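J.: First residue of the sequence shown: 315, per the numbering used here; consecutive thereafter.
By construction, the Cβ of each residue, glycine as well, lies at the ideal position given by its N, Cα and C atoms.
Computed from a prediction, not measured in an experiment: that's the story for all the values here.
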Amino acid sequence: MQVVHGTCDTEITVMYTMSIDVQDFFYTIPHYELMKSVKLYITEYNREVGFIQKYGLSVNSFIEILEFYRKSIFIEWQNEVQKRGMCIGGKVALISNIFLGTVHGTMERNLCGLAKQIFRYIDYFLIIPENGELNEEGLLNLFSDCGLDLQFKYKLPELNELQFLNL
């Protein structure tokens, strides 16, 4: 696991770590940002040519198909169409991971000394502080600023133990 590998050279004191997870992740994903992150994922680092060769369609065509599929699994209620969230059992769960990877990348680029590293597993984040000092307020602001309107809840250690991944 990357967390173990990535922290072997550093002694971690549990009382100075923090875990944060996205509240109701699959139900709150913003659709526009989701599609934007998928397109960015394919087109950054010149992956677009390989994508076209492998799948036989342009990125814009793929996004249109994906958008059509996404709209087909949402509900209309009283003339209002669902504007956030993804079907948990749907075929597009991978794009939810791409979306959250974009959010995670933005957070890591904006750490500014708030943490040594942020590890992510699905919608759970483990914060490894810089120099053993945890700036809770700064980290919560970072998540709020970079989280694209997602809501987060956090846990601090209790009795020198930190709950992570609901374990």
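Based on Cα-Cα distance, which residue from Lys368, Val373 and Glu347 lies nearest to Gly415?
T.: Residue Glu347 is the option with its Cα nearest to Gly415.
J.: Along the chain, where does the alpha helix (DSSP H) that runs through Phe365 open and close?
T.: Segment Glu362 to Tyr369, the alpha helix (DSSP H) holding Phe365.
J.: Alpha carbons only, please: which of Ser458, Arg398 and Ile409 is nearest the one belonging to Ile436?
T.: Nearest C-alpha to Ile436: Ile409.
J.: Who are the Cβ neighbours of Lys430 in its own chain at under 6 Å, not counting the five residues just before and after it?
T.: Counting only Cβ-Cβ distances below 6 Å, and skipping sequence neighbours, we find Ile442 and Glu444.
J.: Roughly how many angstroms separate the alpha carbons of Cys460 and Leu476, rounded to a whole number?
T.: Going by the C-alpha atoms only, they are around 24 Å apart.
J.: Assign Leu473 to one of two classes, buried (16 or more other C-beta atoms within 10 Å of its C-beta) or exposed (fewer than that).
T.: Its Cβ having fewer than 16 others within 10 Å, Leu473 is exposed.
J.: Return helix, strand or coil for Asp437, following the three-state DSSP convention.
T.: Note: Asp437 maps to coil in three-state DSSP.
J.: In angstroms with no decimal places, state the Cα-to-Cα distance between Leu456 and Gly419.
T.: Distance between the alpha carbons of Leu456 and Gly419 is about 12 Å.
J.: Which stretch, first to last residue, makes up the alpha helix (DSSP H) that contains Ser333?
T.: Run containing Ser333: none in the alpha helix (DSSP H); it sits in the beta strand (DSSP E), Met332 to Val336.
J.: Judging by CA-CA distance, which residue of Pro471, Leu464, Tyr468 and Lys469 is the nearest neighbour of Phe339?
T.: Minimum Cα distance to Phe339 is reached at Leu464.
J.: Look at the Cβ atom of Tyr330, then the Cβ atom of Glu450, and state whether they are nearer than 8 Å.
T.: Not a contact, by the Cβ cut-off of 8 Å.
J.: According to DSSP, simplified to helix, strand and coil, what is Phe478?
T.: In the structure shown, Phe478 sits in coil (DSSP, three-state: anything other than H, G, I, E or B).
J.: When burial is assigned at 16 or more other CB atoms within 10 Å of the CB, is Arg423 buried or exposed?
T.: Exposed is the call here.
J.: Could you tell me the distance, in whole angstroms, from the CA atom of Tyr359 to the CA atom of Leu470?
T.: Approximately 37 Å, taken between the alpha carbons.
J.: Between the alpha carbons of Leu440 and Phe382, how many angstroms are there, rounded?
T.: Cα-Cα distance, rounded: 35 Å.
J.: If you draw a straight line from the alpha carbon of Thr321 to that of Asn393, how long is it in whole angstroms?
T.: Only weak support exists for where Thr321 lies, its pLDDT of 49 falling under 50; the value from the coordinates is given anyway. The straight-line gap from Cα to Cα measures roughly 51 Å.
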